[in-house]
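Student:
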Amino acid sequence: MKQFRLLVMLLLALVIVISFAPTAWAFCGFYVAKADTKLYNQASQVVIARNGDRTILTMANDYQGEVKDFALVVPVPVVLQQDQVNVGDPKIIERLDAFSAPRLVEYFDPDPCSPPPVNRVGGATRGGDGGDVALQSSAADNALGVTVEARFSVGEYDIVILSAKESNGLETWLNRNGYRIPQGANQLLRPYIRQNMKFFVAKVNLEEFKEAGYQFLRPIQMAYESPKFMLPIRLGMMNATTEQDLIIYVLSPQGQAEITNYRTVNIPSDAEIPVFVKNEFGDFYNAIFQTAYTQEGKKVAFREYAWDIGWCDPCSTDPLSPEELRKSGVFWLRPNTPSNVFLTRLHVRYTRDKFPEDLMFQETSNRQQFQGRYILRHPFVASPFTENVSCPAARQYQRSLNQRLEKEIQTLAKLTGWNAQDIRKKANLSQSQSAPWWQNVLPY
């Protein structure tokens, strides 16, 4: 059996102070680069649009292998009907990823002899039975303690909603009916049966998939009402041989969402780092995440973004339009009224031993803004036509650059675990290549 993963349920004010004191930077700046999910070899993405007890959940498949071997088993709190399931637009998840990804921004020091004022800022569904393996008879199902609560097709997916009395029977039913799930799955299925949860089970209708000409499996989107605000992740660990990354986008009219049974912490942010990182931002963010993940004991959820989705600062891409928000699952928008959507991006890297429980969420009224943001400060570069390059402030500024660079080096080493001496070599090389023309002219 080819290896596959079971995806689980769920969605320019420049600021400078010519002194040795830390600078309070505004959020604004020039956007340079982002650390989106392309950084990770395997990263599941889930969009959860939640208001009250109503949820629209979108699951993006990062399935690798033959399409005929695809199987998706998702515990759900209620029996879903055909009109509650849809095929989502993968571009919407790409937009949410790009909009909320940790970002690199840059500022350019002004002329120290003429500084600016200081500004401090703290789809349609299709009916049918489909499928290349016939469902077993009701008598056989009952013998296994399994009930088929609903059966339908949506897009390229054939879907059944099951309830079960015991996990061995459910595992046997899935295997008999052509769902290739890992051996021993019954142990992980058992807790959900005890909670009286149902099982959303999907596989690909190969004829429909081929006829439509799709290259990749599209996201599955489902709508339901339940007081349970949770994301079962344990089934996703059945095939796991290493750590898994899960990116969760929670859309709410309230404010920040957080995980209640594990700590939710902000990813280290607002750090000033050497300018050479501009060409190594992917490696930098991978290192900063792994370092923070290790320091936190590998059992926290990291908040990478929290912001009103109607605007951004700095913007890595345009905010989502009302139509894009609707496709994301936001169901509470009304025509001709201001959008009220708050986005929280959570990043969980998990293993079975560190995350033995499913994720439990809560909405909060906290609308405090946060983003993973890393800052490059480019030294002022004078031209031959610049006047007053020998003013007293320029001399003080020039003397402060080496101290500032050393602080950036130490910050980078602490955040990433990289060797400070190696960083210093790169930083000094980068600095010498872009040194102001007057650096060796003025008598300091």
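Per mature numbering (1 follows the signal peptide of the UniProt record, and there is no 0), the sequence shown runs over residues -26 to -1, 1 to 418. Glycine included, every Cβ here is placed at the ideal spot set by N, Cα and C. As the structure is a prediction and not an experimental result, all values here were calculated from the model.
#1: Return the residue from the list 147, 240, 59 and 42 that minimises the CA-CA distance to residue 29.
#2: Do residue 337 and residue 243 have their C-beta atoms within less than 9 Å of each other?
#3: Check the DSSP bridge columns for residue 199 and list the partner residues they point to.
#4: In this structure, what does DSSP give as the bridge partners for residue 172?
#5: Going by C-alpha to C-alpha distance, which of 48, 322, 346 and 303 sits closest to residue 166?
#6: What's the C-alpha gap between residue 220 and residue 257?
#7: Would you decide whether residue 277 is buried or exposed? Buried here means 16 or more other CB atoms lie within 10 Å of its CB.
#8: Taking residue 9 as part of the alpha helix (DSSP H), name the residues at either end of that continuous run.
#9: Count the C-beta pairs between the stretch 127 to 139 and the stretch 2 to 17 that are closer than 8 Å, then say yes if the count reaches three, no if not.
#10: Could you tell me whether the stretch 338 to 350 touches the stretch 323 to 330, using the rule of 3 or more Cβ pairs below 8 Å?
#11: Please report how far the alpha carbon of residue 74 lies from the alpha carbon of residue 254, in whole angstroms.
#12: Would you identify the three-state DSSP class for residue 37, choosing helix, strand or coil?
#13: For residue 229, which residues from the same chain have a beta carbon less than 6 Å from its beta carbon, with the 5 sequence-adjacent residues on both sides left out?
#14: Closest by CA to residue 274, which one among 55, 194, 241 and 19?
#15: Starting from the N-terminal side, write out each stretch of the beta strand (DSSP E) that is 3 residues or longer and does not extend beyond the stretch 254 to 298.
#16: Would you identify the three-state DSSP class for residue 122, choosing helix, strand or coil?
#17: Shortest alpha-carbon distance to residue 301 belongs to which of 193, 388, 393 and 174?
#18: Assess, as a yes-or-no matter, whether the stretch 134 to 144 is touched by the stretch 114 to 123 under the definition of 3 or more beta carbon pairs within less than 8 Å.
#19: Within 10 Å of its beta-carbon, does residue 168 have 16 or more other beta-carbons around it, so buried, or fewer, so exposed?
#20: Using the rule of at least 16 other Cβ atoms within 10 Å of the residue's Cβ for burial, across every protein chain shown, is residue 309 buried or exposed?
#21: Contact defined as beta carbons within less than 8 Å: I believe residue 293 pairs with residue 284. What is the distance between those atoms, to the nearest angstrom?
#22: If you drop the 5 nearest sequence neighbours on each side, which residues of the same chain put their C-beta closer than 8 Å to that of residue 418?
#23: What does the Cβ neighbour count give for residue 401, buried or exposed, with the cut at 16 atoms within 10 Å?
#24: Report yes or no: do the stretch 232 to 239 and the stretch 58 to 72 share at least 3 C-beta pairs separated by less than 8 Å?
#25: Label residue 173 either buried or exposed according to how many other C-beta atoms from any shown protein chain fall within 10 Å of its C-beta, with 16 as the threshold for buried.
#26: Could you check the C-alpha separation between residue -17 and residue 77 for me, to the nearest Å?
#27: Check this for me: beta carbons of residue 389 and residue 248, under 9 Å apart or not?
#28: Would you call residue 18 buried or exposed, if buried means 16 or more other Cβ atoms sit within 10 Å of its Cβ?
#29: Pick out the complete beta strand (DSSP E) segments inside the stretch 339 to 388, 3 residues or longer, and give them in chain order.
#30: Between residue 295 and residue 231, what straight-line distance do the alpha-carbon atoms span, to the nearest angstrom?
#31: How long is the line joining the alpha carbons of residue 209 and residue 127, rounded to whole angstroms?
#32: When you compare only the Cα positions, how much space is there between residue 291 and residue 271?
#33: Using CA atoms only, rank isn't needed, just tell me which of 180, 178, 319 and 328 is closest to residue 239.
#34: Is it buried or exposed for residue 190, if we count other Cβ within 10 angstroms and need 16 for buried?
#35: Looking only at its chain, what residues have a beta carbon closer than 6 Å to the beta carbon of residue 334, apart from the 5 residues adjacent to it on each side?
#36: Quick check: the Cα distance between residue 281 and residue 266, rounded to an integer number of angstroms?
Tutor: On the basis of the data shown:
#1: 59
#2: no
#3: 28
#4: 50
#5: 48
#6: 19 Å
#7: buried
#8: No alpha helix (DSSP H) holds residue 9; DSSP gives it neither H nor E.
#9: no
#10: no
#11: 20 Å
#12: coil
#13: 316, 338, 339, 340 and 341
#14: 241
#15: 274 to 282
#16: strand
#17: 193
#18: yes
#19: exposed
#20: exposed
#21: 6 Å
#22: Per-residue confidence for residue 418 stands at a pLDDT of 36, beneath the threshold of 50, marking its modelled position as unreliable; the derived number appears in the next sentence. Only 369, 372 and 373 meet the Cβ criterion.
#23: buried
#24: no
#25: buried
#26: Low per-residue confidence applies at residue -17: pLDDT is 31, beneath 50, and the placement is therefore not dependable enough to give any value.
#27: no
#28: buried
#29: 347 to 352
#30: 22 Å
#31: 23 Å
#32: 33 Å
#33: 319
#34: exposed
#35: 204, 234 and 235
#36: 22 Å
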